[in-house]
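>
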Amino acid sequence: MLVLGIESSCDETGVALTDASGAGVPRLLSHALHSQIEMHQAYGGVVPELASRDHIRRVLPLINEVMGQAQRSLADVDVIAYTRGPGLAGALLVGAGVACSLAASLGKPVMGVHHLEGHLLSPFLSADPPEFAFVALLVSGGHTQLMRVDRVGSYELLGETIDDAAGEAFDKSAKLLGLPYPGGPALARLAGQGDGQAFKLPRPLLHSGDLDFSFSGLKTAVLTQAKKLGETMSEQARADLAASTQAAIVEVLVKKSLKALEQTGLKRLVVAGGVGANTLLREQLNAACKKRGIRVHYPELHLCTDNGAMIALAAGMRLQAGLEDIQRSYTFDVKPRWSLADIQTVPA
Ligand code: KG4
Ligand code: ZN
C-alpha cells in the first residue's frame, strides 16, 4: 500500500512516499523538502501569506520529484495524506487542496493527518525505532508536551507548556540576542562558544511537582540580562547568555522528562519535534537516561523539523492500526488549532 504524504503547515513544503504494506513499520521510499527559511529571514519570522504562496509554487514539483525518485507513477499511489492541522490556516489549505484534488482526479482515498502525530511517530523511521509503550517529549516551535503513548492513536497528555513552547523560547531569546530566524539552531551554534553557567537564569516550574512547563519568564530574564549588557555587549557575553539560555531550557526539559518516566514507570523515551535536533538536549537526555536504564529514541536529524515523511508514515501507521476509514469524499477542511487528544483513537 503506497501512501503519498504532503506537509504544508508552516514554512516547509514536504512530500514523501511510504510503503505501508504488511504489518511492519512503513518504509520510506522517497521524500523531498523545500524550506522557506531564506524567504522569511528578511522579516525575522514566518509571514503566513508568503508561506501559503510559496507552498503553491513548490508542492507539485516536489510531488513529481518524489514519484521520480521512487520510480513510481501517481497511478500506483493508494492513499493521499496531508497535514490537516494544527498550523497556519492558509498554508494548511494548500496541502489539503492539492491532496484532495489529486485524490479526486485519481479516484483514490484521501486522509487528513495531525501534524503532531507525525512528529511523534517520526522516530519509527530511524535506524533505532522505538517499541510501544513510551513517554514522548514533543518539542516543536508551537508545542511542548509530555505524552504517554501506548500504541498508535493512544496519546495521553501528561503535561504541557502553560505559555511559550520550548522552540519559541529558543526563537524569542535568539531574537533578543540579535540572531536570525529561525533562532533555535542559531542560538545553539552561538551557545557552543559560551559558558552555560555564566548567567543565572530561571528554570520555570522546575519544582512545580507536575509535568507542566512555562518558558515566558525565561525570555523576560534573557531580555533583562541583554538590556543590562547593553548594545556594546561583547561577543563572549553574547555567547555566554546564549549558552545559559540553552542550559536553562534543556535542564527543564530533561528533568520533566525524567519525572514523566518515573511517574509512568515506563523505560522508553521518544523525543520529537524541531528542538529534538538540539545537541545539548540529546547529550543530557542520553546521559541521564543511561544512568537509569532508559532507552531514548530520536528521529533522524533531518526528520526532526517539519517534513512530508512523518505525514506519510503517520498515515500508513494509522491505516495499519485500522484507525482510518478509507475516505472517498473530497470535501475538506483544515484545523489550524487541533489538540492531539481530539483525534480518532478507536478503530473506524
Ligand atoms: O517541529 P518544527 O520544525 O516546527 C513546528 O512544528 O513548530 O520545530 C521548529 C522549532 C523552531 O522553534 C526551531 O528554532 C527549533 O525547532 N529548533 C531548534 C533546533 N533546531 C530547530 N531548537 C534548538 N536547537 C536546535 N538545534
Ligand atoms: Zn512541526
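Per this note's numbering, residue 759 is the first one in the sequence shown, and the count goes up by one each step.
Just so it is clear, CB atoms sit at the ideal spot from N, CA and C, and this is done for glycine as well.
As the structure is a prediction and not an experimental result, all values here were calculated from the model.
Where does G1080 sit, in a helix, a strand or coil, going by DSSP?
The answer is coil: DSSP assigns G1080 none of H, G, I, E or B.
> Indicate, with yes or no, if ligand 1 has a heavy atom lying under 8 Å from the CB of N1036.
Yes, ligand 1 has a heavy atom inside 8 Å of this Cβ.
> Beta carbon of K793: closer than 8 Å to some heavy atom of ligand 2?
With the sequence shown as reference, residue 793 is identified as Ser, and Lys is not the correct amino acid for it. Incorrect: S793 has no Cβ contact closer than 8 Å to ligand 2.
> Consult DSSP for E993 and reduce its assignment to one of helix, strand or coil.
Helix at E993.
> Take S863 as the anchor and find which of Y1088, T982, K933, D922 has the nearest alpha-carbon.
Ranking the options by Cα distance to S863, first place goes to Y1088.
> Which of helix, strand or coil does DSSP assign to V761?
Note: V761 maps to strand in three-state DSSP.
> Given a cut-off of 9 Å on the beta-carbon distance, is the pair A1030 and V897 in contact?
Yes, these two residues count as a Cβ contact at 9 Å.
> Measuring only from the beta carbon, is D1100 closer than 8 Å to any heavy atom that is part of ligand 1?
Every heavy atom of ligand 1 is 8 Å or more from the Cβ of D1100, so no.
> Should I1007 and F973 be called a contact, given that it needs their Cβ atoms to be closer than 9 Å?
Against a cut-off of 9 Å, the Cβ pair of F973 and I1007 comes out as a contact.
> Should the segment 1073-1089 be regarded as contacting the segment 1051-1062, the criterion being three or more beta carbon pairs within less than 8 Å?
Contact between the segment 1073-1089 and the segment 1051-1062 is absent, because fewer than three Cβ pairs lie under 8 Å.
> Taking C-alpha atoms, which residue in R785, A800, C768 lies nearest to R811?
R811 has its Cα closest to that of C768, out of R785, A800, C768.
> I think G763 touches G1066, with their Cβ atoms under 8 Å apart; what is that distance to the nearest whole Å?
Going by Cβ atoms, the distance from G763 to G1066 rounds to 5 Å, so yes, they are a contact pair.
> Nearest to V805 by CA position, among P940, L935, G870, is which residue?
Here the closest residue by C-alpha is P940.
> Can you tell me whether G1032 sits near ligand 2, meaning its C-beta is under 8 Å from at least one heavy atom of the ligand?
Correct: G1032 has its Cβ closer than 8 Å to ligand 2.
> Report yes if the C-beta of D968 is less than 8 Å from at least one heavy atom of ligand 2; otherwise report no.
Answer for D968: no, Cβ out of range of ligand 2.
> Starting from Q983, trace the alpha helix (DSSP H) both ways and give me its first and last residue.
Per DSSP, Q983 belongs to the alpha helix (DSSP H) from 974-987.
> Which term fits T982, buried or exposed, when burial requires 16 or more other beta carbons within 10 angstroms of its beta carbon?
So T982 counts as exposed.
> Between G1121 and ligand 2, is there a pair consisting of the residue's CB and a ligand heavy atom that are separated by less than 8 Å?
Residue 1121 cannot be examined here, being either before or after the span of the chain that is shown, 759 to 1106.
> According to DSSP, what are the bridge partners of E823?
None; E823 has no bridge partner.
> Can you round the beta-carbon distance between A984 and L934 to whole angstroms, since I take them to be within the 8 Å contact cut?
Indeed they touch by this definition, with Cβ atoms about 5 Å apart.
> What residues in its chain sit with their C-beta under 7 Å from that of Q1098, if we drop five residues either side in the sequence?
The question names Gln, but residue 1098 is Leu in the sequence shown. Excluding positions up to five away in sequence, the list reads H872, L874, E875, Y913.
> Once DSSP output is grouped into helix, strand and coil, what is the label at T919?
Note: T919 maps to strand in three-state DSSP.
> Leaving aside the five residues before and after L786 along the sequence, list all residues of the same chain whose C-beta is less than 6 Å from its C-beta, in chain order.
For L786, where only same-chain residues beyond five positions count, the Cβ hits under 6 Å are T776, L883, A1067.
> Going by beta-carbon coordinates alone, are P867 and I821 separated by less than 9 Å?
Against a cut-off of 9 Å, the Cβ pair of I821 and P867 comes out as no contact.
> Sorted by chain position, which residues of the same chain lie with C-beta nearer than 6 Å to W1096's C-beta, five sequence neighbours on each side aside?
Around W1096: G843, P844.
> Note the first and the last residue of the continuous beta strand (DSSP E) segment covering T1037.
Counting along the chain, T1037 falls outside any beta strand (DSSP E), though it belongs to the alpha helix (DSSP H) covering 1037-1049.
> Going by the beta-carbon positions, is the gap between L879 and A1072 smaller than 9 Å?
Contact flag set, yes.
> Give me the pocket residues for ligand 2, defined as CB within less than 5 Å of any heavy atom, sorted by chain position.
Counting every residue whose Cβ lies closer than 5 Å to a heavy atom of ligand 2, we get S898, D1064.
> Mark I1069 as exposed unless 16 or more other C-beta atoms lie within 10 angstroms of its C-beta, in which case mark it buried.
Buried, by the Cβ-count rule.
> How far does the alpha helix (DSSP H) with F928 in it reach, from first residue to last?
Element bounds for F928: 924-934.
> With C-beta atoms as the reference, is L904 less than 9 Å away from K1014?
In contact: L904 and K1014 (Cβ atoms closer than 9 Å).
> Evaluate L999 with the Cβ neighbour count: other Cβ atoms within 10 Å of its Cβ, from every protein chain shown; 16 or more gives buried, anything less gives exposed.
With 16 or more other Cβ atoms within 10 Å, it is buried.
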